[in-house]
Each structure stands twice: as C-alpha cells, then as structure tokens.
Amino acid sequence: GIGLLLAGLAWYFRRHGMRSSYVRLVNWTLDHRAVTLGVTIGFFGLGIWLMTQLEQQGMAWTPERRVDLSIEVERSYSLAETDSLFHRVELQLLARKNELDIESVSSRFSQRGGSISARLVDADEGNLSTMEASSAIRQILPEKVGVTYKMGRSRSWSGPQLGVEIQLKGIDMAVLEILAEDVQLRLSRIPGVIDVDTSLEDGEEEIQVSVDREQALGYGLSARDVASTIATALGTRRTTDFKAPEREIGVVMQLEEADRVSVEQIKNTTFEGRDDSRVQLGALADFQFAKGPRTLQREDRQQTLTVFANTEDRRAAMRLTPVVTQMMSDLSLPPGYSWQTGRATRWMQQDTQDNTFVLVFALLLIYLIMASLFESLIHPFTIMFAIPFSLIGVAIGFFALDQPLDMNGILGLLILFGIVVNNGIVLVDHINQYRREGLDRRSAILRGGQNRMRPILMTAATTILNLMPLVLPMIYGTSEGFAKRWGPVGLVVVSGLTTSTILTLVLAPTLYSLLDDLALWMRRVMRAVRV
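Pasting the structure below:
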C-alpha cells in the first residue's frame, strides 16, 4: 500500500511538476485558511491523543531467551506416570524445535510435578519472540485430567508485563488469604482477564504423624523417641563416622528402600518397649496427608500477598490497570490492611512522569531558543506545531509493530524533536528572508516553500534511509536482541519524520500567515493600550 502511494505521488509530480504542484497545494491552503486551521487543530489533537494511548515501559529490557513451564499433577499419579508425562511433553517440544526456535530442553520433576525449561536460539537467528514462543508452546501441550500447566511469568518490574498485580498487606496471613479469595473472584469477572493466581504457593504435601502420648508412655516411649526413630529410618543424616586410613566415611542408618515405599510399611515399623515388648508404629500414632508450610513474603515489615490478573498481552494489561485500580478503590478492607498495585505498575507510572517532565522541559528550551533567534514570541509556534504532527507517525509506527515506548524510545523522541524543528526553522527563516528583501507575505511564503521543499525532502529522506537498518529487524525479526535495544530509536525518528515532513510542508505556510496576523493584531492592541 505504501509502495503504491509513493508510486502514485511520483507519477503525479512527474506529470505536473513537483514545484508547481506544491505551489498549487499551498495556494489552496492559503485561500482556505479556516479549513486548514481546523485540519491543523485536528492533527494536533490526534497526535497528542495517540501518544497517550501508547503502552509505556521503563528501561529498555532484553528478555532471556527461555520459556519456563510448570506442571502440577494430582497425588494419584505415580512417579512412573509423571515421568511418562514429562517425557511426552519433551518429545513434543523437540519434534517441533525448529518451528518453535528451541535450542535445548531441560526438565526437573518429582512425583507431584516439576518444571520444564526450553531455551531458545539467539534472537537474531530466530523467527519468534519469547512471548510468541511461549504462546505457541502452550497451545501444543497435551491436555490430561489431573494435570495443570502454568507458563512462567516475570516478577521483575523491567520484564514483560502480561497482567496486573495487586499487593495485599496486613498483619494476619489468614485474613490476607480471605481477602485474596475475594479479590480473585472480583478479578475473574472483569472482561479481558484470562486467569487469576496468587503468590501464595501451596506447600508440599506431607504425611503428618500424631503420636498418642499416653499410649506411648505405657510402652515406655516418648513422642521424641518415636520422632527420632522415624527420622533415622527415613532420613539420610549421618549417625556416626568410620575412620579409614585416608579419610572419614559417614555412616547412615535407615530402612531398606523396599521398606520405605508406602505408608503401610512405615506403620508396620516396630518399637521395643518396656519389658522387651514390641509395638507397631500404627498402634501409637495416627497418619494423615496434609499440606506443608507455605512460603510467606514480607514487605515493609508486613505480610504481603500478591494477586495476579493474567491477560493475553501487554496492551490488554495496560487497558486493565485503571479498571482494576477502580475495583480495588471500591473494596473496603479491614483496619490495618491495605493494597497497592504491583511494583512493575508503580515504577512504570514513575517512569511515565519522569519522561513527561523531560519532554516538556525539552519543548520549553526549544521555544526559548527559537523566540530569541526569531525575536518573536509568536512565530516559534509555527515551527513547534510540527512536533504534534510527528507524534502521529510515532504512534502509528509503534501500534503497527506492537511495541511499547521505552526509555530508548524517549531518547528517539528528543532526537526527533530536534530534526523536526530544524526543518521548520529552515522554512520559516527563508520566508522571513524574502520578506526582508521586500516581497509581500504571500509571495514570500510561496517562494520560500518552493525553494526549501527539495532540501527538506532530501534531508528527511536521507535520515529515514540511514535509520532503516535499526527498524527493519523489528519488522522482519523477533523484536528482541539488537532490535529490542535500539530499534525504538530508529522507529521513532523514521515514523515521526515521515509525517511531520509532509504535514509541515503543506500546513506550516498557512500557519505562518495565521500567526503573523495574530502578531500584527497583538501589536495594534499593545499600541492602543500605550496610547
């Protein structure tokens, strides 16, 4: 489409002449200044609005080319069945390693599940980004009853934000668990949320042994004797050392492996009681399966529990953040308990505020410099209107490639502002020069634009072409690696300079005439006030 548009423009200019065509276009805008002003204001607002819709990210982040997959299985699965499941998943991944950009696969599991890590090829050699590879891997996983898959997600503030985090803080973890269940239920009802999980991981399943103390004392045993015997029989702790001529060898005493297979065998373990009597462990204690202790997290000296609302992509997470924030604001928490958004969201908001300050300060400096050079408080705005024109192209470029605006993108914006302003200065200064030579305003505008059109187009074209090596890897590559670090700089300048150059050449002459009329009116007002 872009190629056809450029070909059509080239044919039109070749047939009618580039300069004569440009003069006719500028004449039309000067004759219809009200329409041109409305179009300019529309473009101005469009550029600002599109930039506010862009996803923003902090420091430029290069992800580790790895996809982590966690697999949980029910207790009914044997170790052999879990081994078979992991083996099947590994075979499916390796069978499509070229399609998924997989370099190697490693796994670690126990009877209750484990994790699989798929390392990807280098970003400049692959065809998929880490997110795309993760999504593709999730789609080919075999569905099986009693098996739960969880794709690894980044807990780092600079990592890919694929959801919204809510941190609940308080004193009692039991209360936080109840609040987390309520928040999970509310989040699951919000459109755009795929699933909800928490940082409160389940503890490992264990067998809890409750010793009947009175019955044990009847056999001359204490609860400590029973616990010590079980620990020795099942554990791998050294009980003594055997001193060899060259070194010491640890001696471990425990039951044979055949006697440690099931709970029933452990219950049949016998103890020697008082008067040489023997009693089985099953007669002295009760056995039950239960969850072990959970991992707790403290922040600011308070218990902290994080709830994750997972989304399909980063853009969905950005749209979801204000909705979740409003939901939490309407939720009443008990005294002593509070909530806040995740660290990633808080730091991103801080980066956004800092970036806004940097850009506003840069615009202020640009205005002060141009006001002193042109010796006018009005004409610098003719040039500065080109900056919102450039923002339209920047937003379209980032939306088209689905890229967040990171710190390197902000650096590109600062560079873009300087280039755009330079093109405007060249045009306005040439118009002022013709006016000083005695030409009327309209003739000066037409001749100045006609003479400076080719240099402005040539400088813009050379800048765009020189930066294309930074942009092309973002289009045809994985948008990671080299392209992820420096691609946003080139993308900002290329896309922004394209729109600003065209709109500046067409609209700036009319803006110049309108602002010149405003300057003349203000001078008349000032003279009237002085009189």
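With our numbering applied, the sequence shown corresponds to residues 156 to 686, in that order. Virtual Cβ for every residue (Gly too), placed ideally from N, Cα, C.
Residue i, buried or exposed, once every other Cβ within 10 Å from all chains shown has been counted against 16
i	result
Ala472	buried
Ser284	buried
Gly158	With a pLDDT of 49 at Gly158, under the threshold of 50, the modelled position of that residue is not reliable, and the figure given next carries that caveat. Counting Cβ neighbours within 10 Å, Gly158 comes out exposed, since fewer than 16 surround it.
Pro400	exposed
Gln443	exposed
Thr653	buried
Ser311	Caution applies to Ser311, whose pLDDT of 37 falls short of 50 and renders its modelled position unreliable; the value that the coordinates give is listed next. Ser311 should be labelled exposed.
Ile295	exposed
Pro448	Confidence is the limiting factor: at Pro448 the pLDDT is only 49, short of 50, which leaves the residue's position unreliable and the question unanswerable from this model.
His534	buried
Ile524	exposed
Leu376	buried
Ala371	buried
Asp561	buried
Met483	buried
His242	exposed
Gln316	Residue placement at Gln316 cannot be trusted, given a pLDDT of 49 that sits under 50; the coordinates are not used to answer.
Gln558	buried
Lys324	buried
Ala541	buried
Ser650	buried
Pro624	exposed
Leu546	buried
Trp676	exposed
Gly593	exposed
Pro297	exposed
Leu340	exposed
Val680	exposed
Phe397	exposed
Thr659	buried
Ser432	exposed
Thr425	exposed
Asp277	exposed
Asp672	exposed
Cβ separation of residue i and residue j, assumed to be a contact under 8 angstroms, to the nearest whole Å
i	j	result
Thr195	Pro664	About 11 angstroms; that fails the 8 angstroms criterion.
Thr237	Gln266	6 angstroms
Leu248	Leu240	Not really, about 13 angstroms apart at Cβ, beyond 8 angstroms.
Ile349	Asn465	5 angstroms
Asn578	Ala615	7 angstroms
Gly268	Val300	14 angstroms between Cβ atoms; not a contact.
Ile611	Val581	6 angstroms
Phe536	Leu670	6 angstroms
Arg596	Ser668	6 angstroms
Arg685	Asn563	51 angstroms between Cβ atoms; not a contact.
Leu224	Ile271	5 angstroms
Thr496	Thr507	In fact, because the Cβ distance is near 13 angstroms, the residues do not count as touching under 8 angstroms.
CB of residue i within 7 angstroms of CB of residue j, strictly
i	j	result
Glu245	Val260	yes
Met629	Leu556	yes
Thr353	Ala329	no
Tyr589	Arg602	yes
Val462	Ile321	yes
Ala487	Val575	At residue 487 the sequence reads Ser, which differs from the Ala that was named. No, Cβ-Cβ distance for Ser487 and Val575 is not below 7 angstroms.
Thr387	Val406	no
Gly347	Leu475	yes
Ala440	Ser383	no
Gly645	Leu622	yes
Leu460	Leu331	yes
Arg274	Arg221	yes
Val583	Ile538	yes
Val190	Gly604	no
Val434	Tyr374	yes
Ala599	Ile586	yes
Those residues which DSSP pairs with residue i across a bridge
i	result
Glu427	Arg433
Leu273	Per the sequence shown, the amino acid found at residue 273 is Ala instead of Leu. DSSP lists Val222 and Val260 as partners of Ala273.
Tyr304	Ile226
Thr496	Ile321
Ser365	Asp441
Gly651	The partner list for Gly651 (beta bridge, DSSP) is empty, contrary to what the question assumes.
Gly268	Glu227 and Ser265
Phe463	Glu320 and Asp352
Thr395	Val406
Leu560	Gln211
7 angstroms Cβ cutoff, residue i in contact with chain D
i	result
Thr476	Judged by its chain identifiers, the structure shown contains no chain D, having just a single protein chain.
Q. Can you find at least 3 beta carbon pairs, one from the region 196–210 and one from the region 541–556, that sit closer than 8 angstroms?
A. yes
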